[in-house]
Amino acid sequence: MDLKDKKVGIALTGSFCTIDVSFRIIQRLIELEAKVKTIISENVCNLDTKFFKASEIKEKLEALTGYKPITGIPNAEPIGPSKMFDVLAIVPCTGNTIGKLANGIIDTTVTMAAKSHLRNSRPLVIAIATNDGLGGSAKNIGMVMNYKNIYFAPYSQDDPIKKEKSLVFLEDYVIETIKNSLDGKQIQPVIR
Ligand SMILES: Cc1cc2nc3c(=O)[nH]c(=O)nc-3n(C[C@H](O)[C@H](O)[C@H](O)COP(=O)(O)O)c2cc1C
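Taking numbering that gives the first Met the number 0, I'd label the letters of the sequence shown as residues 0 to 191.
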């Protein structure tokens, strides 16, 4: 599926070490002439970390897309009713956010965006990045992989020796996953 003029939402959650990957993916989507808007979780909106200041993330997203990121549950609620996106991708998606999605907990901007978007039966792409992907989050990842209209960017163990339960999405396959999700297809293999 060609992404030209496709309305693509990119939601960022607090895997702060992979936020720069998200910037590159947004840049690439814009080069492909997709219409990109971003959504950020409360933690991305507010936390200064060793990777970025919260203000830097917001400024970068606005510079890339021309729009301020969507913040706050009330601002994410219209995403579904207005059919704001053809596809929404959570890049990166934390263990926290996938746990909420697995269990129908909608108490952040990003989970609200996902729920609102999914009501239109349009694709939601997940790019997982969590140190407990093969631990506490494993059941949640499994549950969400089984849900309708949800597609996973391929992921792998990023450091099986030092972080034996860690899973992280593979940057190179995110855009291909987004494209295929618009055709209702999950790219394979998911686990690489
Ligand atoms: C520097 C830093 C890096 C983090 N990296 C990750 C990560 O890669 N994956 C993850 O699941 N959580 C990570 N966390 C924890 C999340 O930010 C935390 O669970 C938060 O509640 C996530 O909220 P959100 O999913 O609404 O953004 C990190 C936290 C900090 C401070």
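Yeah, the Cβ is synthetic: ideal placement off N, Cα and C, and Gly gets one too.
Closer than 8 Å to a non-hydrogen atom of ligand 1 - does that hold for the CB of residue i?
i	result
LEU117	no
LYS49	yes
ALA152	no
PHE15	yes
VAL109	yes
PRO91	yes
GLU163	no
GLY94	yes
ALA128	yes
SER81	no
SER40	yes
Mind reading off the beta-carbon distance from residue i to residue j? Whole number of angstroms is fine, and I expect it under 8 Å.
i	j	result
THR70	CYS44	5 Å
ALA75	ALA33	About 20 Å; that fails the 8 Å criterion.
VAL86	ILE177	6 Å
State the start and end residues of the unbroken beta strand (DSSP E) segment that holds residue i.
i	result
PRO10	Reading off the sequence shown, one finds Ala at residue 10, where the question assumed Pro. 6-11 is the span of the beta strand (DSSP E), which, as asked, contains ALA10.
The alpha helix (DSSP H) spanning residue i covers which residue range?
i	result
LEU100	94-102
ILE39	Careful: ILE39 lies outside any alpha helix (DSSP H), inside the beta strand (DSSP E) at 34-39.
LYS59	53-64
VAL20	18-30
ILE72	72-75
Taking 8 Å as the cut-off, does the CB of residue i come closer than this to any heavy atom belonging to ligand 3?
i	result
LEU133	Ligand 3 is not part of this structure, which contains only ligand 1.
Uninterrupted beta strand (DSSP E) stretches inside the region 112-182 (no shorter than 3 residues)
Counting only runs of 3 or more, we get 123-129, 149-151, 154-156 and 166-168.
Quick one: any contact between the region 164-184 and the region 120-129, if contact means 3 or more CB pairs under 8 Å?
The region 164-184 makes contact with the region 120-129, as at least three CB pairs between them are under 8 Å.
Any contact of the region 71-89 with the region 49-63, i.e. 3+ C-beta pairs under 8 Å?
No contact exists between the region 71-89 and the region 49-63.
Take every Cβ of the region 93-101, pair it with every Cβ of the region 150-160, and state whether three or more of those distances are shorter than 8 Å.
These segments do not touch.
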